[in-house]
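Numbering (the numbering used here), first residue to last: 1013 to 1192. Glycine included, C-beta positions come from ideal geometry on N, C-alpha and C. Everything numeric in this text was worked out from a predicted model, so none of it was measured. Only one structure is covered here, and it is reproduced in the block below.
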Amino acid sequence: MPTTPDVTTPPDGGLLEDLQHQVAVFARRAEQTRLGGVGQVRNSMDRAAYLLLNRLDREGPMGVKGLAAGMGIDSSTVTRQVAPLVDTGLVKRASHPDDGRAVVLELSPRGQARLDEVRSSRRELMALLTEGWPEEDREMFCRLLTRFNTALFARQAATHPATDDPSAPRPPDLPVSDAS
């Protein structure tokens, strides 16, 4: 196992080579740790569950198609990912307010509590990872990462549209502080 961080610059690489290398290193490290937080909460919620719960919290109750469109994924994927969240009581099904025959998914009180716990743990991890960074650097990193994620989402949506839902596609969630 290497004893030094993998921050090497590939030989004869330009800026874009360095960027793609650092994105690859980030993806590997993020998957290894899941950036799930600290303490007992760390790694206790997978990425799909976190993103689904987060979207329901930010945007309120919605159907599977709306969730899929907003996340840029297929409805069948959302259905598969939501099932265990419903089974464990983190998400509940409810009648659509305008059409009682339709079903919407909403965050349950238990789901809200669990999401709050995971968010707190992840904020603590972000604080640890960026300890010693000036606030301006944290803000810039957040803005640039949001911009990068938005570009990735737009590219994915343009090349592989998830659904024909009129609300699709939408960019990924903006930071809570909306510091752009």
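Quickly, what does DSSP pair residue i with across the bridge? List them, please.
i	result
K1104	E1118
M1074	L1117
Relative to the C-alpha of residue i, which residue among the options is closest?
i	options	result
A1080	R1122, L1028 and L1117	L1117
A1061	L1137, T1158, L1127 and S1132	L1127
R1134	N1066, E1147 and L1027	N1066
Which same chain residues end up closer than 6 Å to residue i when comparing Cβ atoms and leaving out the 5 residues on each side of it in sequence?
i	result
A1125	none
L1031	none
Work out the CA separation of residue j and residue i for me, nearest whole Å.
i	j	result
A1166	L1068	21 Å
G1082	R1070	12 Å
A1106	G1072	12 Å
D1099	G1078	21 Å
R1041	V1035	10 Å
R1155	H1033	20 Å
Q1044	P1109	41 Å
T1158	A1039	15 Å
V1188	G1026	Here the model assigns V1188 a pLDDT of 43, short of 50, so the residue's position is not dependable, and the following value carries that caveat. When rounded, the distance between both Cα atoms is 34 Å.
P1146	F1160	21 Å
D1149	T1089	36 Å
T1171	M1152	29 Å
M1195	G1144	An answer regarding residue 1195 cannot be provided, because it is not within the stretch 1013 to 1192 covered by the chain.
Return yes when the Cβ of residue j is within less than 8 Å of the Cβ of residue i, no when it is not.
i	j	result
A1169	G1084	yes
L1064	V1094	yes
L1097	R1122	no
T1091	V1115	no
M1074	V1130	no
Using a Cβ-Cβ cut-off of 8 Å (strictly less than) and excluding sequence neighbours within five positions of residue i, which residues of its own chain qualify?
i	result
S1120	G1101, L1102, V1103 and K1104
S1179	Bear in mind that the predicted position of S1179 carries a pLDDT of just 42, short of 50, making it unreliable; the figure below should be weighed with that in mind. Result list for S1179: G1078, A1081 and G1082, in chain order.
Which residues in the same chain as residue i place their Cβ atom closer than 7 Å to its Cβ, once the five residues preceding and following it in sequence are excluded?
i	result
R1113	none
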